[in-house]
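Each residue of the sequence shown is one higher than the last, beginning at 4 in my numbering. We put the CB at the ideal spot given by N, CA and C, even for glycine. In this text the structure is predicted, and so the values were computed from the model without any measurement. Each remark here refers to the structure printed beneath this line.
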Amino acid sequence: MGGKNKSDPERVPEKVIKMDIIRGDGTLLKNIDLSPKNEYQEVLQNVAIIIDTWENTCPLLRTLGLPGQLIGRPLPVVKNIMVGQLYDQIEEYEPRAILGDITFEENAFTGKLIPIIEIEGVQTEDEET
(Lines of atoms letter the chains of each structure in order from A and count residues from 1; the text may use other names and numbers.)
(Lines give C-alpha, C1' and ligand atoms only; values in the text may rest on other atoms or scores of the structure.)
Protein backbone atom coordinates (compact mmCIF):
# COMPACT_ATOMS: atom_id res chain seq x y z
CA MET A 1 0.00 0.00 0.00
CA GLY A 2 2.82 2.41 0.76
CA GLY A 3 4.88 1.28 -2.26
CA LYS A 4 5.54 3.41 -5.27
CA ASN A 5 3.71 2.61 -8.45
CA LYS A 6 5.05 3.00 -11.96
CA SER A 7 3.34 6.35 -12.51
CA ASP A 8 4.98 7.91 -9.45
CA PRO A 9 7.47 10.54 -10.71
CA GLU A 10 9.85 9.83 -7.80
CA ARG A 11 10.23 6.20 -8.91
CA VAL A 12 11.72 6.97 -12.33
CA PRO A 13 14.93 9.03 -12.21
CA GLU A 14 15.10 12.15 -14.37
CA LYS A 15 17.93 10.72 -16.45
CA VAL A 16 16.16 7.60 -17.67
CA ILE A 17 18.05 6.38 -20.72
CA LYS A 18 15.10 5.12 -22.79
CA MET A 19 12.21 2.69 -22.81
CA ASP A 20 12.28 -0.79 -24.29
CA ILE A 21 10.25 -4.00 -24.39
CA ILE A 22 11.65 -7.46 -23.75
CA ARG A 23 9.81 -10.55 -24.93
CA GLY A 24 10.41 -13.77 -23.04
CA ASP A 25 10.65 -15.88 -26.19
CA GLY A 26 14.44 -16.04 -26.36
CA THR A 27 14.88 -13.75 -29.38
CA LEU A 28 17.11 -11.33 -27.46
CA LEU A 29 19.34 -14.22 -26.40
CA LYS A 30 20.08 -15.57 -29.88
CA ASN A 31 23.18 -13.37 -30.10
CA ILE A 32 24.46 -12.91 -26.56
CA ASP A 33 27.11 -10.21 -26.32
CA LEU A 34 29.63 -10.99 -23.58
CA SER A 35 30.88 -7.41 -23.74
CA PRO A 36 27.83 -5.17 -24.25
CA LYS A 37 28.41 -1.71 -25.73
CA ASN A 38 26.81 0.11 -22.83
CA GLU A 39 25.12 -0.40 -19.49
CA TYR A 40 21.67 -0.20 -21.07
CA GLN A 41 22.36 -3.18 -23.38
CA GLU A 42 23.84 -5.08 -20.45
CA VAL A 43 20.69 -4.60 -18.35
CA LEU A 44 18.38 -5.61 -21.23
CA GLN A 45 20.38 -8.77 -21.81
CA ASN A 46 20.39 -9.60 -18.08
CA VAL A 47 16.61 -9.18 -17.84
CA ALA A 48 16.17 -11.41 -20.91
CA ILE A 49 18.32 -14.08 -19.24
CA ILE A 50 16.26 -13.88 -16.04
CA ILE A 51 12.93 -14.35 -17.82
CA ASP A 52 14.21 -17.19 -20.02
CA THR A 53 15.75 -19.22 -17.19
CA TRP A 54 14.08 -21.92 -15.12
CA GLU A 55 14.84 -22.12 -11.41
CA ASN A 56 17.56 -24.66 -10.43
CA THR A 57 19.11 -24.70 -13.92
CA CYS A 58 21.92 -22.23 -13.23
CA PRO A 59 24.62 -24.21 -11.35
CA LEU A 60 26.00 -21.47 -9.08
CA LEU A 61 22.79 -19.50 -8.73
CA ARG A 62 19.98 -22.00 -8.16
CA THR A 63 17.36 -19.40 -7.19
CA LEU A 64 17.67 -17.49 -10.48
CA GLY A 65 14.72 -17.93 -12.82
CA LEU A 66 11.08 -18.90 -12.85
CA PRO A 67 9.80 -21.90 -10.87
CA GLY A 68 9.26 -25.09 -12.85
CA GLN A 69 6.10 -25.83 -10.88
CA LEU A 70 4.30 -23.41 -13.22
CA ILE A 71 4.43 -25.90 -16.09
CA GLY A 72 1.07 -27.56 -16.70
CA ARG A 73 -0.97 -25.24 -14.50
CA PRO A 74 -3.92 -23.20 -15.82
CA LEU A 75 -2.82 -20.07 -17.71
CA PRO A 76 -4.69 -17.55 -15.51
CA VAL A 77 -3.00 -19.01 -12.41
CA VAL A 78 0.41 -19.01 -14.08
CA LYS A 79 0.02 -15.38 -15.16
CA ASN A 80 -0.71 -14.23 -11.62
CA ILE A 81 2.22 -16.14 -10.16
CA MET A 82 4.60 -15.10 -12.95
CA VAL A 83 3.96 -11.37 -12.55
CA GLY A 84 5.05 -11.49 -8.92
CA GLN A 85 7.95 -13.82 -9.66
CA LEU A 86 9.22 -11.66 -12.53
CA TYR A 87 9.11 -8.46 -10.47
CA ASP A 88 10.91 -10.21 -7.59
CA GLN A 89 13.54 -11.86 -9.80
CA ILE A 90 14.37 -8.71 -11.73
CA GLU A 91 14.43 -6.59 -8.57
CA GLU A 92 16.83 -9.04 -6.94
CA TYR A 93 19.16 -9.92 -9.82
CA GLU A 94 19.04 -6.76 -11.97
CA PRO A 95 18.08 -3.84 -9.70
CA ARG A 96 19.26 -1.29 -12.30
CA ALA A 97 16.21 -2.07 -14.46
CA ILE A 98 13.26 0.26 -13.93
CA LEU A 99 10.24 -1.91 -14.65
CA GLY A 100 6.94 -0.87 -16.16
CA ASP A 101 4.10 -3.21 -17.04
CA ILE A 102 4.34 -6.96 -17.43
CA THR A 103 1.89 -8.40 -19.93
CA PHE A 104 1.59 -11.76 -21.64
CA GLU A 105 1.13 -13.10 -25.12
CA GLU A 106 -0.68 -16.40 -24.82
CA ASN A 107 -1.78 -19.25 -26.99
CA ALA A 108 -4.45 -21.22 -25.16
CA PHE A 109 -4.31 -24.00 -27.74
CA THR A 110 -0.61 -24.79 -27.19
CA GLY A 111 -0.50 -23.51 -23.62
CA LYS A 112 2.41 -21.22 -24.45
CA LEU A 113 2.73 -18.05 -22.41
CA ILE A 114 5.30 -15.40 -23.36
CA PRO A 115 5.98 -12.63 -20.84
CA ILE A 116 6.42 -9.15 -22.29
CA ILE A 117 8.25 -6.79 -19.95
CA GLU A 118 8.33 -3.04 -20.35
CA ILE A 119 11.63 -1.53 -19.23
CA GLU A 120 11.09 2.15 -18.48
CA GLY A 121 14.78 2.83 -18.13
CA VAL A 122 18.04 1.90 -16.51
CA GLN A 123 19.39 3.41 -13.33
CA THR A 124 23.08 4.10 -13.80
CA GLU A 125 25.69 4.35 -11.05
CA ASP A 126 25.84 8.16 -11.14
CA GLU A 127 22.07 8.27 -10.45
CA GLU A 128 22.35 6.15 -7.28
CA THR A 129 22.75 8.56 -4.40
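Which stretch, first to last residue, makes up the alpha helix (DSSP H) that contains residue 91? 78-96
If you draw a straight line from the C-alpha of residue 103 to the C-alpha of residue 127, how long is it? 17 Å
With 16 other CB atoms within 10 Å as the buried threshold, where does residue 98 fall? exposed
If you draw a straight line from the alpha carbon of residue 68 to that of residue 93, how long is it in whole angstroms? 9 Å
Going by the C-beta, is residue 128 closer than 6 Å to any heavy atom of the ligand GTP? Of the ligands one can find in the structure shown there are none, so the ligand GTP has no counterpart to examine.
Between the region 113-121 and the region 67-84, do at least 3 Cβ pairs fall closer than 8 Å? yes
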